[in-house]
Amino acid sequence: LCCECGQFHLLLDNHLYNFQDEVDDELICHICLQPLLQPMDTPCGHTYCFKCLENFMQEYNFCPMDRKKLSFQQCHKSSLLVRNLLDKLIVLCPFKAECQQIMQRCELEAHLQNRCPGFKKYKSELQRKKNPVSKGKEDPPAKVEPNTPKDAEVPSGGSSLVAESSAAAVVSLGTAEPGLVNPAFEETEEGESLIHKCNYRTSLVAETNTIEIHREDPEEELGMRIVGGKDTPLGNIVVQEVLRDSVIAADGRIAPGDHILEVNGVNISSVTHCQAVSFLRHPGPVLHLMVLQEKGFSNKTAQQDSTSATNREVIHVTLIKRDRSEPLGIKLIRKTDEAGIFILDMLEGGLAAKNGKLSRNDRVLSINGQDLRQGTPETAAQIIQTTESRVNFVVLRQPGVQLSDPVEDGSTSNSSSSSSSNGGSPVHHRRRLDQNHYRRKSNYQKGYVNHEKTVAIKKEPKESLGITIGGGRDNKNKLPIYVTSVQPIGCLFRDGRIKRGDVLLSINGIDLTHLNYYEAVSALKSNAASHSVVLKALEIISVNSAEPSLDIKEQGFSWSPLWITWLGLPSHLHCCQDIVLSKGNLESWGFSIVGGFEESKGNQPFFIKTIVPGTPAFRDRKLKCGDEIVAVNGVPAIGMSNSELIPMLKEQRNKVTLTVVSWPGSLV
Numbered sequence: 001l002c003c004e005c006g007q008f009h010l011l012l013d014n015h016l017y018n019f020q021d022e023v024d025d026e027l028i029c030h031i032c033l034q035p036l037l038q039p040m041d042t043p044c045g046h047t048y049c050f051k052c053l054e055n056f057m058q059e060y061n062f063c064p065m066d067r068k069k070l071s072f073q074q075c076h077k078s079s080l081l082v083r084n085l086l087d088k089l090i091v092l093c094p095f096k097a098e099c100q101q102i103m104q105r106c107e108l109e110a111h112l113q114n115r116c117p118g119f120k121k122y123k124s125e126l127q128r129k130k131n132p133v134s135k136g137k138e139d140p141p142a143k144v145e146p147n148t149p150k151d152a153e154v155p156s157g158g159s160s161l162v163a164e165s166s167a168a169a170v171v172s173l174g175t176a177e178p179g180l181v182n183p184a185f186e187e188t189e190e191g192e193s194l195i196h197k198c199n200y201r202t203s204l205v206a207e208t209n210t211i212e213i214h215r216e217d218p219e220e221e222l223g224m225r226i227v228g229g230k231d232t233p234l235g236n237i238v239v240q241e242v243l244r245d246s247v248i249a250a251d252g253r254i255a256p257g258d259h260i261l262e263v264n265g266v267n268i269s270s271v272t273h274c275q276a277v278s279f280l281r282h283p284g285p286v287l288h289l290m291v292l293q294e295k296g297f298s299n300k301t302a303q304q305d306s307t308s309a310t311n312r313e314v315i316h317v318t319l320i321k322r323d324r325s326e327p328l329g330i331k332l333i334r335k336t337d338e339a340g341i342f343i344l345d346m347l348e349g350g351l352a353a354k355n356g357k358l359s360r361n362d363r364v365l366s367i368n369g370q371d372l373r374q375g376t377p378e379t380a381a382q383i384i385q386t387t388e389s390r391v392n393f394v395v396l397r398q399p400g401v402q403l404s405d406p407v408e409d410g411s412t413s414n415s416s417s418s419s420s421s422n423g424g425s426p427v428h429h430r431r432r433l434d435q436n437h438y439r440r441k442s443n444y445q446k447g448y449v450n451h452e453k454t455v456a457i458k459k460e461p462k463e464s465l466g467i468t469i470g471g472g473r474d475n476k477n478k479l480p481i482y483v484t485s486v487q488p489i490g491c492l493f494r495d496g497r498i499k500r501g502d503v504l505l506s507i508n509g510i511d512l513t514h515l516n517y518y519e520a521v522s523a524l525k526s527n528a529a530s531h532s533v534v535l536k537a538l539e540i541i542s543v544n545s546a547e548p549s550l551d552i553k554e555q556g557f558s559w560s561p562l563w564i565t566w567l568g569l570p571s572h573l574h575c576c577q578d579i580v581l582s583k584g585n586l587e588s589w590g591f592s593i594v595g596g597f598e599e600s601k602g603n604q605p606f607f608i609k610t611i612v613p614g615t616p617a618f619r620d621r622k623l624k625c626g627d628e629i630v631a632v633n634g635v636p637a638i639g640m641s642n643s644e645l646i647p648m649l650k651e652q653r654n655k656v657t658l659t660v661v662s663w664p665g666s667l668v
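With full-length UniProt numbering as the guide, the letters of the sequence shown map in order to residues 1 to 668.
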C-alpha cells in the first residue's frame with residue numbers, strides 16, 4: 001500500500017486518487033487518462049505525467065498526440081501555476097469505510113500519516129502480521145497435500161554458484177536421474193521434447209536450489225510473471241519474466257525459465273495455475289522457494305564444474321544514480337575462454353569506484369534482474385543507461401584470478417572490445433521489425449467460457465466513462481484492449497455491467513480490436529462526448545467454482561488478467577508474431593515444447609516449456625516460456641502431434657521461423 005496516496009499500485013506507477021468531481025479535460029494526461037501528476041510540457045505544447053511520458057519515450061521517439069519527433073531531454077516541468085491547480089484538486093480519502101474526509105490532493109499524504117483512522121487501522125494490522133508470535137500460524141490459501149521431492153544427490157565437493165550451497169544440487173541431466181524432466185533426450189515420460197541436434201554436448205546441467213526471499217512489507221508483490229499449471233500442457237509452474245526493480249530482481253537469484261517446485265515447503269508441481277498464483281501471492285515476510293534452474297549444455301562433468309567454483313561467492317551491489325544520464329564509471333568486457341561479462345576496470349571518481357563494493361574481474365550474473373550469464377557488454381550497458389535510479393548488480397567473485405584478453409563481440413559490428421556505462425563505447429539498439437501477424441484457429445479454452453455483451457448507456461455529454469484500460473496491439477504481447485479498473489465516478493460504474501477484465505470490442509460501432517493503446521484511448525474519449533454510448537465487450541468467465549477467488553487475495557497487487565484467462569480468448573482476438581532463429585550446424589535450437597494432439601486429450605496448443613541458457617533461442621531473447629507455437633515456417637501446427645512437429649523442427653538446419661502467440665504471465 002502506497003503511504004502517499006493510500007492505494008495499491010506498482011512502485012514505478014503513478015499514484016491513484018479518488019477525485020470528488022469531474023476533472024477538466026485540460027488537466028488530464030492523454031496517456032493514462034488520469035489527472036496530471038508531476039506534469040511535463042513538450043516543445044509541441046502538450047502536457048503529460050512525468051512517469052507516463054518517461055515510459056512512453058523508452059519505446060518511441062515522438063509525441064503521443066501529434067507524433068512529432070521528440071526526446072525526453074527536450075521536455076520540461078510545467079509552470080508553477082499548473083502544478084498548483086493540480087495540487088488543489090479535491091480528493092476523497094481512500095479509506096472511505098472509516099474516514100469520509102475530503103481535502104486537496106496535496107494534503108492527502110499528511111492526512112494519511114497523521115489523521116486518518118483507516119490508515120492507522122491498516123498500519124496496526126500490518127504490524128500485527130509482522131509480529132513474530134503469529135509467524136507460521138496462517139493457513140495457506142489453498143489446501144494441497146505436500147509431496148516434497150527429495151533433493152538430488154550432490155556430487156562430492158559440489159557447490160552452487162548462484163544459490164545457497166547447503167540446498168543446491170548440481171544435476172547432470174544427461175544421466176537418468178529419477179524424478180526430473182530430462183530434456184537432453186528427445187522424448188520424456190511427460191511428453192516434453194527438446195529440439196536438440198548435436199553430438200558433442202552430452203548433458204544438460206541443472207540445479208535444484210532453495211531460495212529465501214525477504215520482504216520488508218509482507219504484502220509486497222514479488223515482481224515476477226509465471227505460466228503453467230497442471231491444468232495446462234506445461235504442467236510445471238515456470239517463471240516467464242522478472243520485473244525490473246522488484247523484490248525478485250533485487251535478490252537476483254531467480255531468472256526466466258526457472259521451474260518453481262515448492263513454496264514454503266508445499267509442493268506446487270501438481271497444482272492448477274490459479275492455485276499456484278494463490279500460493280505465491282500469500283503474504284509473509286519470508287518466502288522459501290525451491291526452484292529447478294537449468295544452466296545450459298556442458299561437456300564437463302559436474303565434479304569438474306564444482307571444482308572450478310571453489311572459493312567463489314555471490315555478491316549483491318546496488319548503485320544509485322541521481323538521474324538516468326549519470327554514468328557508473330564501469331568498463332565491461334568479454335573473455336576469450338569463458339562466457340559472460342566481466343568488470344575490466346572502474347573509473348577513478350566514478351559512482352562504482354566511490355561505492356567500493358565491485359572489483360576487477362567480477363563476473364556479472366544479472367543487472368536489475370535481467371540474466372546476463374550469456375550476455376554481452378553492449379546489452380549490459382543498454383540496461384544501465386535506461387535505468388532511472390537503482391542499478392542492482394549480482395556478481396560472482398573468485399579471488400586471485402587475473403583477466404585474460406578480451407574478445408570482440410561478433411554479434412555487434414564496428415564495436416570496441418569493451419563497453420562502458422558512461423557511453424564510451426557505442427550501444428547498438430536492435431531495430432524492431434514489423435512482424436507478419438495473422439489469426440489462426442484454436443479450440444483451447446479449458447476452464448473458461450466467453451460471454452459477449454452489448455451495453456447501451458444514456459449519459460451527460462461531459463460525463464466520463466470512468467474506466468482505465470490496458471493492452472493494445474502496440475503492446476509487446478499484442479494484447480486486445482481490456483478494462484483495468486472501473487472508477488467510482490463515471491457512467492459505467494453507475495451502470496455496473498462493464499467489469500474489470502472485460503475485453504472491449506467496439507464503441508459506437510468503431511472496432512477496437514485492431515487498435516494500439518493510444519488509438520483506443522482516442523476512440524474512447526471522442527465517443528464518450530456523445531449523449532449515448534454503445535459498448536460491445538467480451539467477458540471471460542471461469543467455469544471452475546473450486547478455484548480460489550483471486551480477486552479477494554490480490555488487493556495488494558497491481559491488477560492484471562491471469563495468464564490462463566488469455567488462453568480462453570476466441571481465436572479471432574489472437575495476434576501472432578514471427579520469431580526467426582538462426583544457429584550453427586552443431587548447435588541445438590535450445591528450447592523444449594509440450595502439447596500437441598493426443599487421442600485422450602484431443603488438440604492442445606504447443607507451448608514453449610524450457611529455454612536452455614547459451615543456445616540460439618536463449619540468445620535471441622524474443623521467445624519466452626509459455627509462448628504458443630502456431631506455425632513453423634508458415635506451416636500451421638494445429639492438429640499435429642508432438643512426434644510430427646519435432647522432426648519438422650529438427651529438419652531446419654540453420655534458420656527457422658516460429659509463428660507464436662505470446663500472452664503475459666500472471667503477476668505474483
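Beta carbons are placed, not taken as given, at the ideal position from N, Cα and C, and that holds for glycine.
Leu569 carries a coil assignment under DSSP once its states are collapsed to helix, strand and coil. His288 sits close to Ile211, with the two beta carbons spaced by under 9 Å. Among the bridge pairs identified by DSSP, His451 is matched with Glu539. The count of Cβ pairs closer than 8 Å, one atom from the stretch 578-592 and one from the stretch 615-631, reaches three, so the stretches are in contact. If you draw a straight line from the Cα of Gly340 to the Cα of Val239, it is about 22 Å long. Nearest C-alpha to Glu460 among Ser532, Gly501, Ser641, Ala97: Ser532.
For Glu519, the enclosing alpha helix (DSSP H) has its first and last residue at 517-528. Within the DSSP secondary-structure output, Pro35 pairs in a beta bridge with Ile28. One thing to note: Val277 has its Cβ within 9 Å of the Cβ of Leu562. Between the C-alpha atoms of Val394 and Glu313 there is a straight-line separation of about 10 Å. Pairing Thr659 with Gln577 gives a Cβ-Cβ distance under 9 Å.
Under the three-state reduction of DSSP output, Gly472 falls in the strand class. Inside the stretch 488-519, DSSP marks whole beta strand (DSSP E) runs of 3 or more residues at positions 503-507, from first to last along the chain. Distance from Asn516 to Gly472 at the Cβ level is roughly 4 Å; contact confirmed, criterion being Cβ atoms closer than 8 Å. Distance from the CA atom of Gln104 to the CA atom of Leu319, rounded to whole angstroms, is 36 Å. Counting along the chain, the unbroken alpha helix (DSSP H) around Leu85 starts and ends at 80-87.
Taking each of Ala97, Asp66, Cys75, Cys106 in turn and checking the Cα distance to Leu85, the smallest one comes out for Cys106. Counting of Cβ neighbours within 10 angstroms places Tyr482 among the buried residues, the total reaching 16 or more. The C-beta distance from Leu328 to Leu365 rounds to 17 Å, too long to fall under 8 Å, and the pair is not in contact. Between the stretch 620-631 and the stretch 565-580, the count of C-beta pairs closer than 8 Å reaches three or more; the two stretches touch.
A straight line joining the alpha-carbon of Ile226 with that of Glu241 spans about 7 Å. By the criterion of a C-beta distance shorter than 6 Å, Cys99 is surrounded in its chain by Cys93, Cys116, Pro117, Gly118, once the five residues flanking it on both sides are discounted.
A buried status is given to Gly595, since no fewer than 16 other beta-carbon atoms sit within 10 Å of its beta-carbon. CA-CA distance, Asn209 to Val266, rounds to 15 Å. Distance from the Cα of Leu36 is smallest, within the candidate group Thr42, Leu292, Phe50, for Phe50. Distances from the alpha-carbon of Glu59 to those of Asp474, Met648, Asn585 put Asp474 closest. Cβ contact annotation for Cys44 (same chain, cutoff 8 Å, sequence separation greater than five): Cys63, Met65, Asp66, Lys68, Leu70, in chain order. Sequence-distant partners of Leu623 (beyond 5 residues in either direction) whose C-beta falls short of 8 Å from its own C-beta, in its chain, are Ile579, Leu581, Phe591, Ile608, Ile611, Ala617, Leu658, Val660. With a 10 Å radius around the Cβ and a threshold of 16 neighbouring Cβ atoms, Ala637 comes out buried. Comparing C-alpha distances from Asn368 to each of Ile248, Arg334, Leu512 shows the shortest one belongs to Ile248. Beta-bridge partners assigned by DSSP to Lys77: Met40.
Arg494 is the residue among Thr484, His259, Arg494 whose C-alpha sits nearest the C-alpha of Ile457. Beta-bridge pairing by DSSP links Phe342 to Ile333, Arg363. Here Met346 is not near Arg324, since their CB atoms are 9 Å or more apart.
Nearest to Asp24 by C-alpha distance, out of Glu221, Val82, Asn508, is Val82. For Lys51, the enclosing alpha helix (DSSP H) stretches over residues 50-59.
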